[in-house]
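2 protein chains.
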Amino acid sequence: MPVVDEFIKANSTYASDFHKGGLPLPPARKVAVLACMDARLDPAKILGLEEGDAHVIRNAGGRATDALRSLVISELLLGTQTIVIIHHTDCGMLTFSDEDIHKKVRQELHADADHISFLPFTDLEQSVRDDIAYLKATRLIPDSIEIRGFIYDVKTGRLNEVQ
Amino acid sequence: MPVVDEFIKANSTYASDFHKGGLPLPPARKVAVLACMDARLDPAKILGLEEGDAHVIRNAGGRATDALRSLVISELLLGTQTIVIIHHTDCGMLTFSDEDIHKKVRQELHADADHISFLPFTDLEQSVRDDIAYLKATRLIPDSIEIRGFIYDVKTGRLNEVQ
């Protein structure tokens, strides 16, 4: 079965026993989670989130610069007060440089992505520290917002805080 | 208990019974899901995803322009072949304009975000169509990638495809 048909079938099962239709829009636990898009990392399972609990923002690497628009909306319009950043071991972002991907785009897509920074990194802990520092520095996230950063270990399922 | 301490406790429980440490980096089902960050929407539950199945990219509104960097990495470096876009009913993005949020940033943060488009929309179905059209038009997503778009109904738990 094509994957989209599988999704439609799975959703039909989910909707047939759905009892969460009355949840409010603002996140109940007043938190925005920013995590990598990696397939092995399920923020809800890792953190014990239920529907309605938290905004979940995800992108390649879980990078903060790429999430600023969403974080401002989360904090300023929807009242979240904490940001939790989650990067992870064995991340694809450790395996390429901007030059590599710019070249691959030219060769395989016959297109030009030189204007895009793909935000790879070479040091996992430093990538978390950089993203915390970026959010602490921007005036678009007020100082009252708590910002914490973690590395998720895909081998053990465990979160380790980056100090 | 502060929310981050609750997360650390929940993660300890998750990690204590973790048996998925051997999953490969590329998504098994070769799909990238692009969904809104909304707290009521859990892509894994809605679509029946297990750890390792799919990239999950999330931002305010589930907007494609904001996800292009991640989608290029997903397709070009990690082999996904399908993109599933999920916007949803009662979305916060229907409730404000760029002017509104630019003004609120000035008033409440004493900062300037006029250079940021926050990508709100006034027509939910059209927002899905616009994002599909954007991804079909960009040369950075090859024509071979299947792109489908859905609206998730937060009252019923059901996905409805946008044609």
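Just so you know, the protein sequences line up as chains A and B, in that order. Going by our numbering, the first residue of the first sequence is number 1, and it counts up by one from there. Going by our numbering, the first residue of the second sequence is number 164, and it counts up by one from there. Ideal Cβ placement from N, Cα and C applies to all residues, glycine included.
Q.
Quick check on this structure: which residue in B:Pro206, B:Ser260 and B:Arg269 has the alpha carbon closest to the alpha carbon of Asp286 of chain B?
A. B:Ser260
Q) Is there at least one Cβ from chain B nearer than 8 Å to Glu125 of chain A's Cβ? A) no
Q.
I want to verify the contact list: residues of chain A whose CB lies under 7 Å from the CB of Glu262 of chain B, in sequence order.
A. Result: empty, since nearest Cβ-Cβ is about 14 Å, beyond 7 Å.
Q: Compute the distance between the beta-carbons of Val167 of chain B and Arg148 of chain A, then report whether it is under 8 Å.
A: yes
Q) Can you name the start and end residues of the alpha helix (DSSP H) that Ile236 of chain B belongs to? A) That residue, Ile236 of chain B, is in no alpha helix (DSSP H); it is neither H nor E in DSSP.
Q) Within the chosen definition, does the segment 83-102 of chain A reach the segment 11-23 of chain A through at least 3 CB pairs nearer than 8 Å? A) no
Q) Residues of chain A with CB under 7 Å from Met164 of chain B, in chain order? A) Result: empty, since nearest Cβ-Cβ is about 11 Å, beyond 7 Å.
Q. If you count every other CB in all the chains shown that lies within 10 Å of the CB of Arg184 of chain A, and 16 or more means buried, which is it?
A. There is simply no residue 184 of chain A to check, as chain A begins at 1 and stops at 163 in what is shown.
Q) How long is the line joining the alpha carbons of Tyr297 of chain B and Leu303 of chain B, rounded to whole angstroms? A) When only Cα atoms are considered, Tyr297 of chain B and Leu303 of chain B end up about 11 Å apart.
Q.
Could you tell me which whole alpha helix (DSSP H) segments of length 4 or greater appear in the segment 72-115 of chain A?
A. 98-104
Q. Which residues, in chain order, does the segment 199-229 of chain B contribute to contact with chain A at a C-beta distance below 8 Å?
A. For chain A, the residues of the segment 199-229 of chain B that bring a beta carbon within less than 8 Å of one of its beta carbons are Met200, Asp201, Ala202, Arg203, Leu204, Asp205, Ala207, Lys208, Ile209, Leu210, Gly211, Leu212, Glu214, Gly215, Asp216, Ala217, His218, Val219, Ile220, Arg221, Asn222, Ala223 and Asp229, in chain order.
Q | Short Cβ contact (8 Å threshold) for Leu240 of chain B with Gly62 of chain A | A | no
Q) Unbroken beta strand (DSSP E) runs of length 3 or more, entirely within the segment 284-309 of chain B: which are they? A) none
Q: Compare the C-beta of Tyr177 of chain B against all C-beta atoms of chain A and say whether one is closer than 8 Å.
A: yes
**Q.** Any C-beta of chain A under 8 Å from that of Ile279 of chain B
**A.** Interface residue, yes.
(Q) With DSSP as the reference, identify every bridge partner of Asn174 of chain B, one or two as the case may be. (A) Per DSSP, Asn174 of chain B has no beta-bridge partner at all.
Q. Alpha carbon to alpha carbon, what distance is there between Ser179 of chain B and Glu288 of chain B?
A. 43 Å
Q: Give, in chain order, every unbroken run of the beta strand (DSSP E) that is at least 3 residues long and sits entirely within the segment 16-64 of chain A.
A: 31-36 and 54-59
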